[in-house]
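Numbering (the numbering used here), first residue to last: 135 to 753. The C-beta atom is built at its ideal place from N, Cα and C for all residues, glycine as well.
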């Protein structure tokens, strides 16, 4: 048998102390390992989502500036080349302008020392934005200064469209349905989801609440087509409007809109609508650009409202009574108003074009609810469609008729009232671009600035460089120059023909003179614009589109364009914008906006690396 050895009391005490110290050391090590410093605010926490912030934000111990952190974030998120050319500048806005101009002239240079080449694998790289540029803008409301409680919107769409690419449409809605700081701006939303389950309805309700959007989510009636779903929306809007009368503020205008309509300035929209009494019957459309929302049929210019139609409550009651959008639009339902067949036959507009003539909107099918609504209202009531033009108006056909003078759309300098199909047709993330409005006001979004060194900024959209120089020419002056150049060319051609005819004989000379007379008369006659449909009332009484104030960009040689890729709002209210020009030829990733036969403008040489220009707008 083994004898049991008893340790002395002193040895036992020593062992216990050692074990306790060992355990305590393990606990302290584990606590230190798990301890993290408090998270600092970061512009890289997506203001539209729930991405995780950086732990090393502004951590001076690692020597990384905000500019470096942002560039590395862009590289990782958007797949930039490892070598990039880079430039950054901080911008301060001053409110010296009395109003927004078509082109704001800046006397200083935008980029005095050129782009810097940066290797993103260089951990020790240090970047610092240029300081001190001041840009003059007109004072306008920021999203948190707008009370939009007079508006109630209705949208019909699908769960798939709303959740596509991390809920991008909902994030876009947040820019014009909230104050930008997590609170509603007062506007309401009735959202009808087509073919949605109860779980999907609950999920969308949760997302809208998280985004501070005041919304009522309902299922769309099964089996209803697109126009019918919007017809049901009118009835739902009236129910919510009437229900708000007892305990809340009633909306003055009820809107039915496509899910991909964006309103850049709710303040301007409210001012435009305020000219229509909400106590009377008004039918109002807010079309965007020509490509999206206007058509020409049989030499008649026509719009149905552009996927953004506003009704005063009495007009909404009339539309609901006509049942315009139920079961075939204007061809169905019984008419109980005072308008008779004789009146309709005498005032009927030209037959509206088919849906295919102006593209497919909405989530499914080609049926156009705004077209059906226009057919019904124009045929069965005396109410005309009042049109609030945005980036295009029918009068533009006369202004932009000369060769080489085209409406630049989002880059035209005209204040936009509505944007439509901005993602799939124009490849523009309006929600990101619009974030700059939180720093400098709604009017500075898409405002144009021309710098002394040949750079032109369309704020929130593009940044372009014209190495051979660029001018901002008043539209009327540009038209006259184009006509004079065309007439001079035709005169030279006619003179040459006259000389040839004179050498061959008198008879030929007479025919040459006739030819000269003909081309001279033709060149001085502008192309006539199509007539506007007689049931449209174009409302532009505040001079937004005055021809004498519109300027067009004129240049020769190459044009280099950086498009907005990313935008973030910092903890201090500063807005970070990243404009990127991808490697390779521009035609590989951007639209070629040169007209056919253009000999003045050339494409630039392909680049071997991505280029990044960062603008930091300080509040």
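Less than 8 Å between the beta carbons of residue i and residue j, yes or no?
i: residue 554; j: residue 440; result: yes
i: residue 814; j: residue 390; result: Here the chain comprises residues numbered 135 to 753, so residue 814 is not present and cannot be evaluated.
i: residue 757; j: residue 328; result: No answer is possible for residue 757: it lies beyond the span of the chain, which begins at 135 and ends at 753.
i: residue 422; j: residue 524; result: yes
i: residue 385; j: residue 322; result: yes
i: residue 583; j: residue 562; result: no
i: residue 526; j: residue 444; result: no
i: residue 551; j: residue 747; result: no
i: residue 418; j: residue 404; result: no
i: residue 294; j: residue 199; result: no
i: residue 277; j: residue 572; result: yes
i: residue 350; j: residue 383; result: no
i: residue 585; j: residue 219; result: no
i: residue 88; j: residue 227; result: The requested residue 88 does not occur in the structure, where the chain is confined to residues 135 to 753.
i: residue 396; j: residue 556; result: yes
i: residue 510; j: residue 456; result: yes
i: residue 685; j: residue 245; result: no
Using the three-state DSSP reduction, which class does residue i fall into: helix, strand or coil?
i: residue 211; result: helix
i: residue 172; result: The predicted position of residue 172 is uncertain, since its pLDDT is 42 and thus under 50; a value taken from the coordinates is nonetheless stated next. Looking at residue 172 - three-state DSSP - the assignment turns out to be coil, as it is neither helix nor strand.
i: residue 456; result: helix
i: residue 648; result: Annotation note: pLDDT 46 at residue 648 (below 50); position unreliable, coordinate value reported separately. Looking at residue 648 - three-state DSSP - the assignment turns out to be helix.
i: residue 684; result: coil
i: residue 326; result: strand
i: residue 253; result: strand
i: residue 764; result: Here the chain has residues from 135 to 753 only, and residue 764 is not among them.
i: residue 154; result: helix
i: residue 217; result: strand
i: residue 690; result: coil
i: residue 277; result: helix
i: residue 741; result: strand
i: residue 267; result: strand
i: residue 320; result: coil
i: residue 502; result: coil
i: residue 272; result: strand
i: residue 608; result: strand
i: residue 161; result: helix
i: residue 202; result: helix
i: residue 293; result: helix
i: residue 361; result: helix
i: residue 341; result: helix
i: residue 568; result: helix
i: residue 355; result: coil
i: residue 511; result: helix
i: residue 659; result: At residue 659, the pLDDT of 36 sits below 50, so the modelled position is not reliable and the matter cannot be decided from this model.
i: residue 517; result: coil
i: residue 306; result: helix
i: residue 401; result: helix
i: residue 371; result: helix
i: residue 239; result: strand
i: residue 261; result: coil
i: residue 336; result: helix
i: residue 189; result: Model confidence at residue 189 stands at a pLDDT of 39, short of 50, so the residue's coordinates are unreliable and nothing is read from them.
i: residue 543; result: helix
i: residue 530; result: helix
i: residue 377; result: helix
i: residue 573; result: helix
i: residue 311; result: helix
i: residue 670; result: strand
Nearest chain B C-beta to residue i closer than 8 Å, yes or no?
i: residue 712; result: Here there is only one protein chain, and chain B is not present.
Tell me, which residues are paired with residue i by DSSP?
i: residue 554; result: 395
i: residue 149; result: According to DSSP, which records beta bridges pairwise, residue 149 is partnered with nothing at all.
i: residue 599; result: 589, 694
i: residue 387; result: 285
i: residue 749; result: 223, 711
i: residue 582; result: 592
The ligand COA and residue i: does the residue's C-beta get closer than 7 Å to at least one heavy atom of that ligand?
i: residue 420; result: This structure lacks the ligand COA, and indeed carries no ligand of any kind.
query: What are the uninterrupted segments assigned as beta strand (DSSP E) that are 3 or more residues long and contained completely in the segment 417–451, given in chain order?
result: The qualifying runs are 417–419, 429–431, 434–436, 442–445.
- prompt: Taking one C-beta from the segment 585–592 and one from the segment 431–438 each time, how about it: are there three or more such pairs within less than 8 Å?
  reply: Pairwise C-beta distances place the segment 585–592 out of contact with the segment 431–438, as fewer than three of them are shorter than 8 Å.
task: Please determine if the segment 212–232 and the segment 266–281 are in contact, where contact requires at least 3 C-beta pairs separated by less than 8 Å.
output: Two segments are said to touch when three or more pairs of C-beta atoms, one from each, lie closer than 8 Å; by this definition the segment 212–232 touches the segment 266–281.
Meets three-Cβ-pair contact criterion under 8 Å: the segment 303–310 and the segment 564–584: Contact holds: three or more Cβ-Cβ distances are below 8 Å.
message: With three or more C-beta pairs closer than 8 Å as the rule, is the segment 242–254 touching the segment 289–298?
response: Counting Cβ pairs under 8 Å, fewer than three are found: no touch.
message: With three or more beta-carbon pairs closer than 8 Å as the criterion, would you say the segment 706–715 touches the segment 681–693?
response: Contact between the segment 706–715 and the segment 681–693 is absent, with fewer than three C-beta pairs closer than 8 Å.
- prompt: Does the segment 308–321 come close enough to the segment 344–360 to have 3 or more Cβ pairs within less than 8 Å?
  reply: Taking 8 Å as the limit for Cβ pairs, the verdict is that the segment 344–360 does touch the segment 308–321.
query: Any chance the segment 361–377 sits against the segment 329–338, with 3 or more Cβ pairs inside 8 Å?
result: No contact exists between the segment 361–377 and the segment 329–338.
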